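Structure first, then comments.
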């Protein structure tokens with residue numbers, strides 16, 4: 309199943325086609341479960357997060373706008389954010405996981421071509437490794453482990469404001485590297 | 256800190272939002288900005304696209320069969336009823352709406368032919384917008400190869416139009432055309448759709464003037480619903 313097939317399935321899910329949803333699940337659930345497992349590091353929690361993600365996908369497929377890049381970005385972003393919300397709820401010891409799913413919102417009435425090229429996104433890993441000091445590791449910690457500025461500051465034993473400045477400079481270098 | 260000239264404050268903020276680095280009021284403010292500033296929303300989407308590559312080398316892990324069953328049950332109830340059986344549609348469709356649709360549709364389509372065609376079933380549905388006011392009653396009469404459309408509520412956005420689609424199971428949506436401003440219209444149904452009328456799901460999408468340029472829905476799908484036999 310290629311990316312165009314997945315995009316077509318999402319379009320049919322938007323029309324409440326259960327058969328298409330079933331096929332979309334079969335085609336993408338292993339990747340999404342892998343992502344949820346990586347973030348949550350716990351099988352039961354990852355299964356719950358994956359299920360919550362598919363409920364969001366079913367309910368919001370009509371908001372998906374093709375932007376000429378991979379439809380997997382949309383699916384993975386939903387799963388990553390749902391998993392991070394669950395992880396944070398667990399850390400804080402409460403169950404309030406009803407964070408607004410901003411990643412689900414439509415971008416506007418017409419699909420916008422993304423400003424970034426697919427080849428640019430592929431450079432991420434190399435560029436993360438090129439970043440000064442531990443900045444690449446800190447960005448990975450934020451994206452894959454849901455660490456906030458405060459938690460990263462603690463992990464890397466630097467003051468909060470230093471971490472903030474540090475990461476913001478890291479993001480600027482990252483973008484410059486990726487668009488090179 | 257000072258920003259590099261090619262990396263404005265908004266771009267950093269978009270990245271921070273995507274990375275979930277913001278908390279409390281800062282996060283709320285960024286989310287509000289996301290909701291009302293399309294340029295900022297586009298920056299967010301670009302960072303999602305860039306950063307998702309961090310998941311590229313995460314191995315796929317097949318979830319359990321039980322997990323799949325649980326999800327389907329959660330979404331579709333105890334038994335997964337295929338679209339073709341269409342029983343579930345009745346849950347979302349009031350009898351009053353069906354009766355109204357039937358009345359308006361039959362009025363509009365004129366008296367049923369008196370011959371054997373009179374026994375051909377008529378199909379109807381109500382299309383209700385998820386996020387908009389849109390409410391459209393549709394009655395599909397295979398005997399006359401026509402769909403009667405009554406837009407009861409909802410207006411297309413400025414410089415946008417409503418486009419009507421018919422979808423058969425496992426097939427791509429077929430455009431039935433742009434809905435005119437007139438709330439009550441009759442639309443001809445292509446012959447291959449007439450023969451499969453019972454299987455049709457109707458949908459309305461938001462499109463640029465003149466309709467979708469690609470032949471497939473390009474804008475948001477505002478409402479979709481399978482037809483039911485009257």
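Residue numbers (my numbering), protein chains in the order written: chain A, 309 to 488; chain B, 256 to 485. Quick reminder that beta carbons are idealized off the backbone N, C-alpha and C, glycines included. Given the structure is predicted, the values throughout are model-derived calculations rather than measurements.
Check: residue 399(B) to residue 422(B), Cα distance in whole Å?
Finding: 19 Å
Next item on the list: With DSSP as the reference, please indicate the residues paired to residue 439(B) in a beta bridge.
Entry: 405(B)
Checklist line | Run of the beta strand (DSSP E) containing residue 429(B), from where it starts to where it stops | finding: 429–433
Checklist line | Contact with chain B by residue 457(A), beta-carbon distance below 7 Å | finding: yes
Margin query: Check whether chain B comes within 7 Å of residue 355(A), counting only Cβ atoms and requiring the distance to be less than that.
Written below: yes
Check: Any Cβ of chain B within less than 7 Å of the Cβ of residue 366(A)?
Finding: yes
Next item on the list: Apply the 10 Å Cβ neighbour rule to residue 373(B) and answer buried if 16 or more other Cβ atoms are within range, or exposed otherwise.
Entry: Annotation note: pLDDT 47 at residue 373(B) (below 50); position unreliable, no value reported.
Margin query: I believe residue 433(A) touches residue 308(B) by the beta-carbon criterion, under 8 Å. Please report the beta-carbon distance rounded to the nearest angstrom.
Written below: 6 Å
Checklist line | Range covered by the alpha helix (DSSP H) that runs through residue 348(A) | finding: Start and end: 326–348.
Note to self: I want to know whether the stretch 359–367 of chain A touches the stretch 279–291 of chain B - three or more CB-CB distances under 8 Å.
What the structure shows: Too few Cβ pairs lie closer than 8 Å, so no.
Check: With a cut-off of 8 Å, do at least 3 Cβ pairs link the stretch 303–322 of chain B to the stretch 383–403 of chain A?
Finding: yes
Margin query: Excluding the 5 residues flanking residue 452(A) on each side, which residues of the same chain have their C-beta closer than 7 Å to its C-beta?
Written below: 346 and 347
Check: Any beta-carbon of chain A closer than 7 Å to the one on residue 275(B)?
Finding: yes
Checklist line | Inter-stretch contact (C-beta, 8 Å, three-pair minimum) for the stretch 326–334 of chain A and the stretch 293–305 of chain B | finding: Too few Cβ pairs lie closer than 8 Å, so no.
Notebook entry, point to check: Would a check of beta-carbon distances place residue 264(B) closer than 7 Å to chain A?
Noted result: no
Notebook entry, point to check: At a cut-off of 6 Å, is residue 304(B) close to the ligand ADP when judged by its beta-carbon and the heavy atoms of the ligand?
Noted result: As for the ligand ADP, it is missing from this structure, which has no ligand bound.
Next item on the list: Tell me where the alpha helix (DSSP H) around residue 390(B) begins and ends.
Entry: From DSSP, residue 390(B) is part of no alpha helix (DSSP H) but of the beta strand (DSSP E) over 390–396.
Next item on the list: Please work out which residues of its chain come closer than 8 Å, Cβ to Cβ, to residue 311(A), disregarding the five sequence neighbours upstream and downstream, and give them in chain order.
Entry: So the list reads 378, 379 and 380, once near-sequence residues are dropped.
Notebook entry, point to check: Counting Cβ pairs closer than 8 Å, one from the stretch 382–394 of chain B and one from the stretch 446–453 of chain B, do we hit at least three?
Noted result: Not touching, per the Cβ criterion.
Next item on the list: State the Cα-Cα distance for the pair residue 263(B) and residue 280(B), rounded to the nearest angstrom.
Entry: Rounded to whole angstroms, residue 263(B) to residue 280(B) spans 21 Å at the Cα level.
Notebook entry, point to check: Is it the case that the Cβ atoms of residue 454(A) and residue 398(A) are separated by a distance below 7 Å?
Noted result: no
Margin query: For residue 447(A), which residues in the same chain have their Cβ closer than 8 Å to its Cβ, ignoring the five residues on either side in sequence?
Written below: 436, 439, 475, 478, 479 and 482
Margin query: At a CB distance below 8 Å, what residues from the stretch 313–332 of chain B approach chain A? Give them in sequence order.
Written below: 313, 314, 315, 316, 317, 318, 319, 322, 323, 325, 326, 327, 329, 330 and 331
Notebook entry, point to check: Does residue 459(B) have its Cβ less than 7 Å from a Cβ in chain A?
Noted result: no
Check: Counting pairs of beta carbons, one from the stretch 458–467 of chain B and one from the stretch 435–445 of chain B, are three or more of them closer than 8 Å?
Finding: no
Checklist line | Cβ-Cβ distance between residue 389(B) and residue 478(B) below 7 Å | finding: Yes; because the gap between Cβ atoms is below 7 Å, this pair is in contact.
Notebook entry, point to check: DSSP beta-bridge partners for residue 385(A)?
Noted result: According to DSSP, which records beta bridges pairwise, residue 385(A) is partnered with nothing at all.
Note to self: On the criterion of 16 or more Cβ atoms from any shown chain inside 10 Å, does residue 364(A) qualify as buried, or is it exposed?
What the structure shows: Per the 10 Å Cβ criterion, buried.
Notebook entry, point to check: When you check each C-beta in the stretch 433–445 of chain B against every C-beta of chain A, which residues fall closer than 9 Å?
Noted result: none
Margin query: Does residue 317(B) pass the burial test, meaning 16 or more other C-beta atoms within 10 Å, or should it be called exposed?
Written below: exposed
Next item on the list: Output, in chain order, the set of chain E residues within a Cβ distance shorter than 8 Å of residue 346(A).
Entry: Among the chains of the structure shown, chain E does not appear; the protein chains present are A and B.
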